[in-house]
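Participant:
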Amino acid sequence: MNPYPSKTLVDNDRFRSVVGHFASGVTVITTKVDGELFGTTASAVSSLSMDPPMMLICLNRSSQTHGAVKAAGAFAINILAADQDGLAYKFAKKGTDKFLGVDTDEVEGMPTLRGALATLVCRTVEETSGGTHTVFLAEVLEADSSDAEPLAYYRGKFGRFNPDAETSAYQKVRDWVLTRRDLRNTSVEIDSLVHELGIPRDQLSRAVVKLAADRLVMVGMAGSFTVLPITSELMLGCLDGRAAIQCGVLHTSMDSMNEGVVSEIRGIFDQMASAKNSHSTQMATFFELNSQLQNLVIGLSGSYELVQAFNRMGLGAVWTETVPADAWADIFDDTYQRRFVEALENRDVTAACAAVQNHAETTKKLASKMIDSHGGEV
Ligand SMILES: Cc1cc2nc3c(=O)[nH]c(=O)nc-3n(C[C@H](O)[C@H](O)[C@H](O)COP(=O)(O)O)c2cc1C
Numbered sequence: 001m002n003p004y005p006s007k008t009l010v011d012n013d014r015f016r017s018v019v020g021h022f023a024s025g026v027t028v029i030t031t032k033v034d035g036e037l038f039g040t041t042a043s044a045v046s047s048l049s050m051d052p053p054m055m056l057i058c059l060n061r062s063s064q065t066h067g068a069v070k071a072a073g074a075f076a077i078n079i080l081a082a083d084q085d086g087l088a089y090k091f092a093k094k095g096t097d098k099f100l101g102v103d104t105d106e107v108e109g110m111p112t113l114r115g116a117l118a119t120l121v122c123r124t125v126e127e128t129s130g131g132t133h134t135v136f137l138a139e140v141l142e143a144d145s146s147d148a149e150p151l152a153y154y155r156g157k158f159g160r161f162n163p164d165a166e167t168s169a170y171q172k173v174r175d176w177v178l179t180r181r182d183l184r185n186t187s188v189e190i191d192s193l194v195h196e197l198g199i200p201r202d203q204l205s206r207a208v209v210k211l212a213a214d215r216l217v218m219v220g221m222a223g224s225f226t227v228l229p230i231t232s233e234l235m236l237g238c239l240d241g242r243a244a245i246q247c248g249v250l251h252t253s254m255d256s257m258n259e260g261v262v263s264e265i266r267g268i269f270d271q272m273a274s275a276k277n278s279h280s281t282q283m284a285t286f287f288e289l290n291s292q293l294q295n296l297v298i299g300l301s302g303s304y305e306l307v308q309a310f311n312r313m314g315l316g317a318v319w320t321e322t323v324p325a326d327a328w329a330d331i332f333d334d335t336y337q338r339r340f341v342e343a344l345e346n347r348d349v350t351a352a353c354a355a356v357q358n359h360a361e362t363t364k365k366l367a368s369k370m371i372d373s374h375g376g377e378v
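Just so you know, the numbering used here puts 240 at position 240 of the sequence shown, and the rest follows in order with no gaps.
Here it is as structure tokens:
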């Protein structure tokens, strides 16, 4: 007996955002029908029973692979390795050429992806439906794994469960440098940060060198570095660089952008818009949503490296340090981002790029004004 017959369900945006906190692995479900290969990226995958060994997968009825899995009565679950984010992006798009350039093997008549962390070949024994999806319950015929690292999916981003120590050290030191504007032009001993940031000295030193390449610090004598001020020139260069990557990705990847990604982007934008109207929202939350939205767009490229390059030009933390907490919502105009999302919904690359460029120009003016008001550097 349902104890809450008239209770309304949680709001879709809230559900999307909250459920994204469940960190998962990433798989590609593959199958074959009449010699044709099908595959889709999927994270709604779970082991179900030990005896007999069973798995379950949930596929949207609108997915092409859904129909193929139904017809084949069998499929392979390819659990992706950390370096296979390109395949995760590729198989999350619609299209018939997904297997082009992808090395496959065949196990029990099912295509499997070479280099996957693990593979389970299954035959469907039961189907049930839930909302927009079919749940396929299946027995496992073959299973194989390797010792590679898994690809992780968390809050709309691909990554590693245990990000490589050097990358996470770099990010930690970068955040520290961006938020410690009070220390600009000051010399800092690397040793003094070992304890504060909990990063071994050699990793700290390498992170500092990377930050020197980003023009955020200057390496000094005897294990020290100077926190450099952020000038308009640096800020504007980063904003131009990010806009160039965004437009490049839109031009090369818009064709294959599917409805799921567009509605995810719309969902994040709507959250940003309502965050802006809510006085209780912190500016940092707004920036976090913005970063999720941008990562989804750049992720369309299928390149983890491009996502990294884009993020290395992000100076959002500086805004949160320099813009008054009670004034940010009035300062940041989301007109162009609204146009950007509408352009994506219309698959209009020209309008989307124009919105990106206009947004970059508006933000550049805002950045110059903000930096000027701080005496030319922050
Ligand atoms: C990380 C991630 C996880 C996904 N998980 C699922 C899933 O579990 N089930 C599903 O039906 N679609 C999932 N999708 C969406 C499909 O990959 C996407 O709709 C794809 O275009 C379907 O392709 P197809 O129509 O060729 O089968 C996921 C996408 C991503 C990026």
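Just so you know, even glycine gets a beta-carbon here, dropped at the ideal spot from N, CA and C.
If you're wondering where the values come from, they're calculated on a predicted model, not measured in any experiment.
What are the start and end residues of the alpha helix (DSSP H) that includes Phe-269?
Facilitator: Position 269 of the sequence shown, counted from the first residue, corresponds to residue 269. 259–277 is the span of the alpha helix (DSSP H), which, as asked, contains Phe-269.
Participant: Got a sec? Which residues, its chain only, sit under 6 angstroms from Asn-12 by beta carbon, not counting five neighbours each side?
Facilitator: Taking the first residue of the sequence shown as position 1, residue 12 is located at position 12. Around Asn-12: no qualifying Cβ.
Participant: Just the Cα atoms here: how many angstroms apart are Ala-327 and Asp-51?
Facilitator: Position 327 of the sequence shown, counted from the first residue, corresponds to residue 327. Position 51 of the sequence shown, counted from the first residue, corresponds to residue 51. Straight-line Cα distance between these residues: approximately 60 angstroms.
Participant: Starting from the C-beta of Arg-114, find all residues in its chain whose C-beta is less than 7 angstroms away, skip the five residues before and the five after it, and write them out in chain order.
Facilitator: On the sequence shown, position 114 is the one that residue 114 refers to. Closer than 7 angstroms at the Cβ level, and outside the excluded window around Arg-114, lie Asp-103, Thr-104 and Asp-105.
Participant: Suppose contacts are defined by Cβ-Cβ distances below 8 angstroms. Is Phe-158 in contact with Val-261 by that definition?
Facilitator: On the sequence shown, residue 158 is found 158 positions in, with the first residue counted as 1. On the sequence shown, residue 261 is found 261 positions in, with the first residue counted as 1. No. Outside cutoff.
Participant: Over what stretch of residues does the alpha helix (DSSP H) that includes Ile-29 continue unbroken?
Facilitator: In the sequence shown, residue 29 corresponds to position 29, counting from 1. From DSSP, Ile-29 is part of no alpha helix (DSSP H) but of the beta strand (DSSP E) over 27–33.
Participant: Consult DSSP for Asp-144 and reduce its assignment to one of helix, strand or coil.
Facilitator: Position 144 of the sequence shown, counted from the start, is the residue given in the question as residue 144. Note: Asp-144 maps to strand in three-state DSSP.
Participant: Return yes when the C-beta of Ser-49 is under 7 angstroms from any heavy atom of ligand 1, and no when it is not.
Facilitator: To locate residue 49, count along the sequence shown from 1; it is residue 49. Answer for Ser-49: no, Cβ out of range of ligand 1.
Participant: Name the DSSP bridge partner or partners of Asp-105?
Facilitator: For the purposes of this step, residue 105 is taken as residue 105 along the sequence shown, with counting starting at 1. Note: Asp-105 sits in a beta bridge opposite Thr-112.
Participant: For Ala-257 versus Leu-293, is the C-beta distance shorter than 8 angstroms?
Facilitator: Looking up residue 257 in the sequence shown gives position 257. Looking up residue 293 in the sequence shown gives position 293. Inspection of the sequence shows that residue 257 is occupied by Met rather than by Ala. Not in contact: Met-257 and Leu-293 (Cβ atoms no closer than 8 angstroms).
Participant: Taking its Cβ as the centre, do 16 or more other Cβ atoms sit within 10 Å of Asp-175, making it buried, or is it exposed?
Facilitator: Along the sequence shown, read from residue 1 onward, the residue named residue 175 stands at position 175. Flag for Asp-175 reads exposed.
Participant: State the start and end residues of the unbroken beta strand (DSSP E) segment that holds Ala-350.
Facilitator: In the sequence shown, the residue the question calls residue 350 occupies position 350. The question names Ala, yet the displayed sequence has Thr at residue 350. Premise fails: Thr-350 lies in the alpha helix (DSSP H), 349–373, not in any beta strand (DSSP E).
Participant: Taking 7 angstroms as the cut-off, is the C-beta of Lys-94 nearer than that to any heavy atom in ligand 1?
Facilitator: Taking the sequence shown and counting its residues from 1, the one referred to as residue 94 is at position 94. Within the cutoff, so yes.
Participant: Beta carbon of Cys-58: closer than 7 angstroms to some heavy atom of ligand 1?
Facilitator: For the purposes of this step, residue 58 is taken as residue 58 along the sequence shown, with counting starting at 1. Yes; taking the cut-off as 7 angstroms, the Cβ of Cys-58 has a heavy atom of ligand 1 nearer than that.
Participant: Output the distance between the C-alpha atoms of Gln-171 and Val-318, rounded to the nearest integer angstrom.
Facilitator: Looking up residue 171 in the sequence shown gives position 171. Looking up residue 318 in the sequence shown gives position 318. The alpha-carbon atoms of Gln-171 and Val-318 are separated by roughly 14 angstroms.
Participant: Can you give me the C-alpha to C-alpha distance between Lys-364 and Leu-239, rounded to a whole angstrom?
Facilitator: Within the sequence shown, numbered from 1, the residue matching residue 364 stands at position 364. Within the sequence shown, numbered from 1, the residue matching residue 239 stands at position 239. Those two C-alpha atoms are separated by around 7 angstroms.
Participant: On the premise that Asn-78 lies in contact with Val-28, defined as a C-beta separation below 8 angstroms, what is that separation, rounded to the nearest angstrom?
Facilitator: Counting from one through the sequence shown, the residue named residue 28 turns up at place 28. Counting from one through the sequence shown, the residue named residue 78 turns up at place 78. Contact holds; Cβ gap of about 5 angstroms.
Participant: In terms of residue numbering, what span does the alpha helix (DSSP H) encompassing Thr-167 cover?
Facilitator: Position 167 of the sequence shown, counting from 1, holds the residue named residue 167. It spans 165–179 - the alpha helix (DSSP H) in which Thr-167 sits, taken as one unbroken run.
Participant: Which class does Leu-204 belong to by DSSP, given the choice of helix, strand or coil?
Facilitator: Translated into the one-based positions of the sequence shown, residue 204 becomes position 204. Reduced to three states, the DSSP call for Leu-204 is helix.
Participant: Starting from Gly-159, follow its DSSP beta bridges and name the residues at the other end.
Facilitator: Here residue 159 refers to the residue found at position 159 of the sequence shown. Bridge partners of Gly-159: Ala-152.
Participant: Quick one: what's got a C-beta closer than 8 angstroms to Gln-64's C-beta in the same chain, skipping five residues either side?
Facilitator: The residue labelled residue 64 in the question sits at position 64 within the sequence shown. Result list for Gln-64: Phe-38, Thr-40 and Lys-94, in chain order.
Participant: Ignore the nearest five residues each way along the sequence and tell me which others in Val-173's own chain have a CB closer than 8 angstroms to its CB.
Facilitator: Start at 1 with the first residue of the sequence shown, and residue 173 comes out as number 173. Taken in chain order, the residues that qualify are Leu-193, Leu-197, Ile-199, Leu-204, Ala-207, Val-208 and Leu-211.
Participant: Whose CA, out of Val-349, His-195 and Val-323, lies closest to the CA of Thr-252?
Facilitator: Your numbering for residue 252 matches position 252 in the sequence shown. Cα-wise, what sits closest to Thr-252 is Val-349.
Participant: Between Thr-128 and Lys-7, what straight-line distance do the alpha-carbon atoms span, to the nearest angstrom?
Facilitator: The count along the sequence shown starts at 1 and reaches residue 128 at position 128. The count along the sequence shown starts at 1 and reaches residue 7 at position 7. Each residue's Cα considered, the two are about 25 angstroms apart.
Participant: Does DSSP put His-21 in a helix, in a strand, or in coil?
Facilitator: In the sequence shown, counting from the first residue as 1, residue 21 sits at position 21. His-21 falls in the coil class under three-state DSSP.
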